[in-house]
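2 protein chains.
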Amino acid sequence: MHALTAWVPAGFPDVRPGTDLAAAILEVLSRNDLTLEPGDVLVLAQKVVSKAEGAVVNLAEVAPGPHAQQLAKEAQKDARLCQVILDESRRILRVRPGLIIAEHRLGFICATAGVDFSNVGLGSDWVSLLPRDPDRSAAGVRRAIEQRAGVAVAVIINDTHGRPWREGAVGVAIGVAGLEPIYSYIGQEDLYGYILHSSIEGVADELAAAASLLQGQAAEGTPLVLIRGARFTPGGGRTKLLREPERDMFR
Amino acid sequence: MHALTAWVPAGFPDVRPGTDLAAAILEVLSRNDLTLEPGDVLVLAQKVVSKAEGAVVNLAEVAPGPHAQQLAKEAQKDARLCQVILDESRRILRVRPGLIIAEHRLGFICATAGVDFSNVGLGSDWVSLLPRDPDRSAAGVRRAIEQRAGVAVAVIINDTHGRPWREGAVGVAIGVAGLEPIYSYIGQEDLYGYILHSSIEGVADELAAAASLLQGQAAEGTPLVLIRGARFTPGGGRTKLLREPERDMFR
Numbered sequence: 003m004h005a006l007t008a009w010v011p012a013g014f015p016d017v018r019p020g021t022d023l024a025a026a027i028l029e030v031l032s033r034n035d036l037t038l039e040p041g042d043v044l045v046l047a048q049k050v051v052s053k054a055e056g057a058v059v060n061l062a063e064v065a066p067g068p069h070a071q072q073l074a075k076e077a078q079k080d081a082r083l084c085q086v087i088l089d090e091s092r093r094i095l096r097v098r099p100g101l102i103i104a105e106h107r108l109g110f111i112c113a114t115a116g117v118d119f120s121n122v123g124l125g126s127d128w129v130s131l132l133p134r135d136p137d138r139s140a141a142g143v144r145r146a147i148e149q150r151a152g153v154a155v156a157v158i159i160n161d162t163h164g165r166p167w168r169e170g171a172v173g174v175a176i177g178v179a180g181l182e183p184i185y186s187y188i189g190q191e192d193l194y195g196y197i198l199h200s201s202i203e204g205v206a207d208e209l210a211a212a213a214s215l216l217q218g219q220a221a222e223g224t225p226l227v228l229i230r231g232a233r234f235t236p237g238g239g240r241t242k243l244l245r246e247p248e249r250d251m252f253r
Numbered sequence: 003m004h005a006l007t008a009w010v011p012a013g014f015p016d017v018r019p020g021t022d023l024a025a026a027i028l029e030v031l032s033r034n035d036l037t038l039e040p041g042d043v044l045v046l047a048q049k050v051v052s053k054a055e056g057a058v059v060n061l062a063e064v065a066p067g068p069h070a071q072q073l074a075k076e077a078q079k080d081a082r083l084c085q086v087i088l089d090e091s092r093r094i095l096r097v098r099p100g101l102i103i104a105e106h107r108l109g110f111i112c113a114t115a116g117v118d119f120s121n122v123g124l125g126s127d128w129v130s131l132l133p134r135d136p137d138r139s140a141a142g143v144r145r146a147i148e149q150r151a152g153v154a155v156a157v158i159i160n161d162t163h164g165r166p167w168r169e170g171a172v173g174v175a176i177g178v179a180g181l182e183p184i185y186s187y188i189g190q191e192d193l194y195g196y197i198l199h200s201s202i203e204g205v206a207d208e209l210a211a212a213a214s215l216l217q218g219q220a221a222e223g224t225p226l227v228l229i230r231g232a233r234f235t236p237g238g239g240r241t242k243l244l245r246e247p248e249r250d251m252f253r
């Protein structure tokens with residue numbers, strides 16, 4: 003019988019700009035008596051990656067331009083925050099009081115282009131951005147863990163994004179290393195010999211969603227989830243999860 | 003340390019119209035030495051629920067009307083299949099050769115309105131539909147299991163749906179019993195005392211996605227996943243996961 007287990011090690015340290023994430027991960031795993039095995043998947047919440055990499059902004063140092071002032075009026079949000087959102091975006095998709103949906107410069111479509119006040123912990127004027135290059139962040143953590151612990155694990159950086167049509171945000175993968183984010187069943191036979199011709203699964207997003215269930219967003223904050231028993235093929239790359247607009251029948 | 007485990011019991015029986023699903027679940031759990039506990043979540047693939055309930059159609063008995071003929075031409079699909087898709091839909095959203103995206107009569111937005119050839123096993127002309135009322139199906143399984151095994155579990159019926167912007171289908175909940183599908187962090191404090199004011203999580207969809215990782219869609223088909231260790235509040239109802247169009251900023 004196949005089984006999958008996800009552990010949420012307690013006591014992840016407070017992360018500051020410059021924190022060595024791989025060291026923090028190995029220490030917290032060790033303190034929870036968890037030993038990494040080949041094929042394990044580590045899912046790390048975007049927020050700690052952003053903070054460790056210094057992808058944070060002090061709004062006190064931001065001077066909003068006219069576009070940000072206009073956006074702030076429409077969205078009823080802080081104009082300095084709006085400037086940061088504009089800086090992080092390719093384009094703004096929707097605005098209403100209290101909500102800005104943007105296409106992030108890396109292609110993610112999400113509220114406030116991923117700019118967020120929660121769980122930053124540097125002061126009330128500080129916001130976090132998404133990591134500059136989350137695939138690179140994931141690959142860096144993966145490499146450092148392989149070097150120090152001698153085990154090749156897959157690493158996913160996840161965030162929770164809202165979505166069209168359905169209520170509630172769900173965890174999605176924004177950075178992926180060591181794991182092919184998409185699995186195709188096309189050409190395989192079903193239980194009765196019918197050849198599947200349209201089944202492609204977003205495996206990395208499903209792992210990100212499973213981890214998100216356990217991470218929580220409030221004071222219990224547990225940014226690291228270790229998943230064992232997931233079946234995947236080697237690979238990586240967030241861009242495989244981003245549909246090209248011209249192929250996107252849902253747009 | 004918090005942990006979540008998901009088991010995929012082997013040997014789920016072939017399901018036919020009329021199969022007693024609760025009996026099949028209890029038997030396969032027992033054969034795999036799994037004993038249900040309060041707070042467990044059972045995730046059941048839509049396909050077996052549809053088959054057990056007889057939500058299947060023999061295309062040989064379908065006479066396509068003019069609208070279906072037209073749709074078949076545009077989508078390059080079987081006109082009888084298109085008639086069934088129309089019968090299952092409120093409206094057709096997008097059509098291109100090989101693909102029809104529809105709003106299912108229950109509000110789900112998905113390819114072919116959930117009408118599917120795979121894993122039906124009744125003959126090459128048979129397709130499956132989504133269950134008539136998946137919340138009711140979930141509640142029925144939940145009730146029967148409580149009566150026979152004396153344990154109150156939550157039941158989710160899941161399916162994999164494509165989505166805008168991101169590649170790969172992911173598991174979503176189409177029927178929910180015994181579990182509140184949405185969890186709100188609004189009003190809670192984050193790690194540093196900041197009051198969260200926009201965090202709402204699609205817990206049932208995250209559980210559905212986790213299960214979908216394990217169910218597979220090919221010949222190994224394992225429609226039942228038992229999840230232990232998920233934190234949720236009692237409740238139910240798929241409609242809470244469906245965003246009203248007028249509130250949907252992503253549309």
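Chains A and B, in that order, are what the protein sequence lines are.
Under our numbering, residues 3 to 253 are what the first sequence spells out, in order.
Under our numbering, residues 3 to 253 are what the second sequence spells out, in order.
Think of the CB as a built atom: it goes at the ideal place given N, C-alpha and C, for glycine as much as any other residue.
For residue i, collect the residues of the same chain with a Cβ closer than 8 Å to its Cβ; drop the 5 residues on either side in sequence, then sort them by chain order.
| i | result |
| --- | --- |
| Q78 (chain B) | P99 and G100 |
| H106 (chain B) | E90, S91, R92, C112, A115, G116 and L132 |
| L198 (chain B) | Y187, I188, G189, Q190, E191 and D192 |
| I102 (chain B) | L73, A77, K79, C84, I87, I94, R96, A113, T114 and A115 |
Below 8 Å between beta carbons: does that hold for residue i and residue j?
| i | j | result |
| --- | --- | --- |
| D207 (chain B) | L243 (chain B) | yes |
| I158 (chain B) | V50 (chain B) | no |
| Y194 (chain B) | G123 (chain A) | yes |
| V43 (chain B) | V155 (chain B) | yes |
| A47 (chain A) | N160 (chain A) | yes |
| R150 (chain A) | A24 (chain A) | yes |
| L88 (chain A) | A70 (chain A) | yes |
| G177 (chain A) | D137 (chain A) | yes |
| Y196 (chain A) | F119 (chain B) | yes |
| M3 (chain A) | N121 (chain B) | no |
Cα-Cα, which of the options is closest to residue i?
| i | options | result |
| --- | --- | --- |
| A57 (chain B) | B:A81, B:E76, B:A104 and B:S139 | B:S139 |
| A5 (chain B) | A:A212, A:G239 and A:A175 | A:A212 |
| R233 (chain B) | A:A232, A:S214 and A:M3 | A:S214 |
| R240 (chain A) | A:P183, A:V17 and A:N34 | A:P183 |
| P225 (chain A) | A:T7, A:P15 and A:N34 | A:P15 |
| V153 (chain A) | A:I229, A:P40, A:P68 and A:I27 | A:P40 |
| P247 (chain B) | A:R165, A:T37, A:R145 and A:A210 | A:R165 |
| T144 (chain A) | A:G109, A:R33 and A:L38 | According to the sequence displayed, residue 144 (chain A) carries Arg and not Thr. R144 (chain A) has its Cα closest to that of A:L38, out of A:G109, A:R33 and A:L38. |
| R134 (chain A) | A:D118, A:A26, A:L108 and A:A141 | A:L108 |
| G231 (chain B) | B:G238, B:H163, B:L209 and B:L28 | B:L209 |
| A141 (chain A) | A:T162, A:G238, A:N34 and A:G67 | A:G238 |
| A104 (chain B) | B:L36, B:H163 and B:I27 | B:H163 |
| V86 (chain A) | A:S130, A:F110 and A:N121 | A:S130 |
| A220 (chain A) | B:E222, B:S200, B:A220 and B:R82 | B:S200 |
At a CB-CB cut-off below 8 Å, which residues of chain A make contact with residue i?
| i | result |
| --- | --- |
| Q48 (chain B) | Neighbours of Q48 (chain B) on chain A: none; closest Cβ ~14 Å, over 8 Å. |
| D207 (chain B) | R168, G170, V172 and A211 |
| N34 (chain B) | M3 |
| A115 (chain B) | Correct list: empty, because the minimum Cβ distance to chain A is about 14 Å. |
| G223 (chain B) | D192 and L193 |
| G123 (chain B) | L193 and Y194 |
Using a C-beta to C-beta distance shorter than 8 Å, which residues of chain B count as neighbours of residue i?
| i | result |
| --- | --- |
| F119 (chain A) | Y196 |
| G177 (chain A) | The contacting residues do not exist; G177 (chain A) stays about 14 Å from chain B at best. |
| P11 (chain A) | M3 |
| S214 (chain A) | E203 and E208 |
Please check the pair residue i and residue j, which I expect to be a contact at CB under 8 Å, by giving their CB distance rounded to whole angstroms.
| i | j | result |
| --- | --- | --- |
| W167 (chain B) | N60 (chain B) | That belief does not hold up - the Cβ atoms of W167 (chain B) and N60 (chain B) are roughly 37 Å apart, past 8 Å. |
| G170 (chain A) | I202 (chain B) | 5 Å |
| V227 (chain A) | V30 (chain A) | The Cβ separation is near 11 Å, so there is no contact. |
| A8 (chain A) | I147 (chain A) | Going by Cβ atoms, the distance from A8 (chain A) to I147 (chain A) rounds to 18 Å, so no, they are not a contact pair. |
| G67 (chain A) | V172 (chain B) | Incorrect: roughly 38 Å between the Cβ atoms, too far for contact. |
By the criterion of Cβ-Cβ separation under 9 Å, what are the contact partners of residue i in chain A?
| i | result |
| --- | --- |
| Q219 (chain B) | Y187, Q190, D192, L198, S201 and E203 |
If the cut is a Cβ gap below 7 Å, which residues of chain B does residue i touch?
| i | result |
| --- | --- |
| N75 (chain A) | A quick correction: the sequence has Lys, not Asn, at residue 75 (chain A). Within chain B, no residue comes near K75 (chain A); the closest Cβ sits about 18 Å away, beyond 7 Å. |
| G239 (chain A) | Within 7 Å Cβ-Cβ: nothing; G239 (chain A) doesn't reach chain B, min ~11 Å. |
Whose C-beta lies closer than 6 Å to the C-beta of residue i among residues of the same chain, with five residues either side of it excluded?
| i | result |
| --- | --- |
| V17 (chain A) | V50, K53 and A54 |
| T235 (chain A) | E182 |
| S126 (chain B) | none |
| A26 (chain A) | P15 |
| A62 (chain B) | D127 |
Can you pull the chain B residues whose beta carbon is under 9 Å from the beta carbon of residue i, in chain order?
| i | result |
| --- | --- |
| I184 (chain A) | E169 and G170 |
| K242 (chain A) | E169 and G170 |
| A232 (chain A) | L215 and L216 |
Can you list, in chain order, the residues of its chain whose CB lies under 7 Å from that of residue i, leaving out five sequence neighbours each side?
| i | result |
| --- | --- |
| V97 (chain B) | L73, E76 and A77 |
Using a Cβ cut-off of 7 Å, pull out every chain A residue sitting near residue i, in sequence order please.
| i | result |
| --- | --- |
| T162 (chain B) | E203 |
| A8 (chain B) | A5 and L6 |
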